[in-house]
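Using UniProt numbering, read the sequence shown as starting at 1 and increasing by one per residue. Have a look at the structure below, then the notes.
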Amino acid sequence: MSESPTTARAYRLRVYPSRAQRLVLGRLFGAARFVWNWALARRSDAYQADQSKLNWVALSREFTALKA
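Right under this line is the structure:
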């Protein structure tokens with residue numbers, strides 16, 4: 001039984017946000033970048049300290065505790 005070939009499709013779109021939307025998007029992207037860099041640094045520090053690997057659950061718990 002042979003599998004049917006799949007076709008990959010890509011869609012390209014462009015958005016033109018208003019000034020207010022650009023400000024909100026900038027804040028959201030900035031927050032996402034902060035969280036990503038924080039998690040990357042925590043994983044790197046943990047690995048260098050004792051060769052341990054932090055998974056996303058541990059990082060999520062730590063980050064949630066930081067917000068409180």
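Glycine included, C-beta positions come from ideal geometry on N, C-alpha and C. Quick caveat, the model's predicted, so the values are computed rather than measured.
Spatial distance of residue i from residue j (CA atoms)
i          : j   : result
N55        : Y11 : 33 angstroms
V15        : R43 : 35 angstroms
residue 69 : S4  : The question about residue 69 has no answer, for the chain in this structure spans 1 to 68.
L59        : A46 : 11 angstroms
A8         : G30 : 31 angstroms
Q48        : Q21 : 40 angstroms
Q51        : L13 : 43 angstroms
Short Cβ contact (8 angstroms threshold) for residue i with residue j
i   : j   : result
L25 : P17 : yes
Touching or not, the region 32–52 and the region 60–67, by the rule of three or more beta carbon pairs under 8 angstroms? The answer is yes - the region 60–67 touches the region 32–52, with three or more Cβ pairs under 8 angstroms.
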